[in-house]
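Inspection log for the structure reproduced underneath, given as C-alpha cells.
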Amino acid sequence: MLAAPLAAMTHEQTLLEYGDQCAKEIGEIPPFDCNDGTDIPITIDGKPPGPRESPTHCDKPSLLSPASGTAGQCMPFSKILNLSRGNTQISAYCRRDILRDDKDPHYDLVVVVMHHSGSGKTCWFASNPPPLPKSKTAVPASGIDATRVPPPNERVTPAGHLTAVEFWKSPKDVAASKPGQPTCLQCHDAGPVIFSPYIGQVWDKVPTDPWGKYSSIGPAFSSYHLWTMSTPGNTCIGCHRIGSEQSCTASYLQLSTGGKNAPGGNALANRYPLSHWMPTDNNMSKVEWEAANVASVKALLDCCADKSHKSPNCTFTPMPGNTNGR
C-alpha cells in the first residue's frame with residue numbers, strides 16, 4: 002500500500018523545475034488548444050442530449066473523481082487529445098463541468114498524463130481551478146481559457162495567454178491527498194491510464210502501455226509505492242494489471258464488474274452489459290460472464306481486504322519499474 006508522505010523534503014520542487022525534469026526524462030509537452038481534441042460522446046439511452054441539455058445521468062458517465070457525485074460526469078463536449086510521439090506518450094483530458102458550446106474555449110479542468118513507454122517514467126499535471134467569484138452575488142467563473150495550454154516548463158509566454166505557473170498546479174498540490182479526493186497515483190494504481198466505458202469511446206485516441214514499466218518521477222511523488230495483485234488462475238489479469246489502491250478502496254473492481262453502480266449512470270448504464278465492462282470486449286451473455294468471472298472477482302476482492310499482504314491465495318508484486326523504496 003502507500004507509504005506515509007516523507008516527513009520533510011530539502012527542497013519543494015516548483016512547477017517549472019518539475020516541468021524541466023519531466024521534459025528531460027520523458028519529453029516535451031507542446032502547447033495545445035483543447036478545442037483541437039476529440040469530443041467524448043455523451044448519450045442517454047443511446048441518443049445524444051439536446052443542444053441545451055445538461056444531463057446528470059447518462060449511459061457512459063465519466064469516472065473522474067467518482068466521490069464527487071454526478072457533477073460533470075455526463076457533461077457534453079469534454080475532449081481528449083493524444084500528443085504522443087515515439088516512446089513519449091502524452092494524453093490530455095479537457096473536462097467540462099458546466100454546459101458550454103462545443104467550441105467555447107473555456108473548460109473546468111485540464112489534466113495531462115505523460116509517460117515513457119520504455120523507462121516507465123510518468124508525470125502528472127492538473128490545471129489550477131477557475132477563479133472563484135468575488136462575492137456570493139457575482140457571476141460564477143467562466144472557466145479556464147484553454148485556447149493555448151502552456152507547456153509546464155515554459156518561461157516565456159506569448160502575450161495575452163496564461164503562463165505555466167498561472168495555468169498549472171504545483172507538483173505538491175497535484176500529489177497531495179484531500180478528503181474524498183484520491184490522488185492521481187491512487188486512482189491510476191495499475192498504469193498511467195484507466196479504461197472505462199466513457200473513455201473507451203475514444204480509446205483509439207489514448208496511448209496505452211498496460212504491461213510496461215511504471216513509476217512517477219519528482220520528489221512530490223516519491224512516497225508512493227504501488228503494488229499489483231493476483232490470484233492463481235485469475236481471469237481478470239489477462240489484459241492488464243490489477244492495482245491494490247483505488248481499484249480496491251474506490252471499488253473500481255466492483256464498478257467494472259457489476260457490483261457497484263457508477264456515479265452519474267442511468268438505468269442503461271446500471272444494466273448488463275454496460276454494468277459489466279470488463280473484459281472490454283465482453284460479448285458474453287450474463288450467465289456466461291458470471292460463470293467465467295465471478296470467482297476471479299471475488300478472489301481479488303478478498304485480496305483487497307488482506308491488509309497484511311500475507312494471504313497464501315494473494316500475490317502482491319511491486320509495480321515493475323517502480324524504483325521507490327518501501
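Per the working numbering, residue 2 is the first one in the sequence shown, and the count goes up by one each step.
Glycine included, each C-beta is placed from N, C-alpha and C at the ideal position.
- Looking at Pro-274, Met-230, Tyr-273 and Ser-120, the one whose alpha-carbon comes closest to that of Thr-318 is Met-230.
- Runs of the alpha helix (DSSP H) lying entirely within the region 130–218, each at least 4 residues long, are 165–168, 172–176, 185–188 and 198–201 in chain order.
- Of the candidates Pro-172, Thr-123, Ile-45 and Phe-168, the residue whose Cα lies closest to the Cα of Glu-13 is Pro-172.
- Here Leu-110 carries a strand assignment [DSSP, helix/strand/coil].
- Distance between Pro-153 and Gly-73, taken at the CA atoms: about 25 Å.
- Inter-residue distance for Leu-254 and Arg-96 is about 24 Å (C-alpha atoms, whole angstroms).
- Put simply, of Ser-118, Cys-240 and Ala-147 the residue whose alpha carbon is nearest the alpha carbon of Leu-82 is Ala-147.
- Positions of the alpha helix (DSSP H) runs, each at least 4 residues long and wholly inside the region 279–320, are given as 287–305 in order along the chain.
- Ser-92 sits in a strand when the DSSP states are folded into three classes.
- Non-local C-beta neighbours of Lys-206 in its own chain, meaning closer than 7 Å and more than five positions away in sequence, comprise Thr-39, Ile-81 and Asn-83, ordered along the chain.
- In this structure, Ala-263 and Leu-110 do not form a Cβ contact; the two beta carbons are roughly 19 Å apart against a cut-off of 8 Å.
- Annotation for Ser-248: no beta strand (DSSP E) segment contains it, though the alpha helix (DSSP H) segment containing it runs 247–250.
- Within the model, the alpha-carbon separation for Cys-35 versus Arg-149 is close to 8 Å.
- In its chain, beyond the 5 residues on either side, Arg-149 have a beta carbon closer than 6 Å to the beta carbon of His-162.
- Cβ atoms of Ile-45 and Pro-62 stay farther apart than 8 Å, at about 11 Å.
- Checking the DSSP bridge columns, you'll see Asp-40 partnered with Lys-80.
- With respect to the 7 Å criterion, Gly-322 and Ser-216 are classified as neighbours on the basis of their beta carbons.
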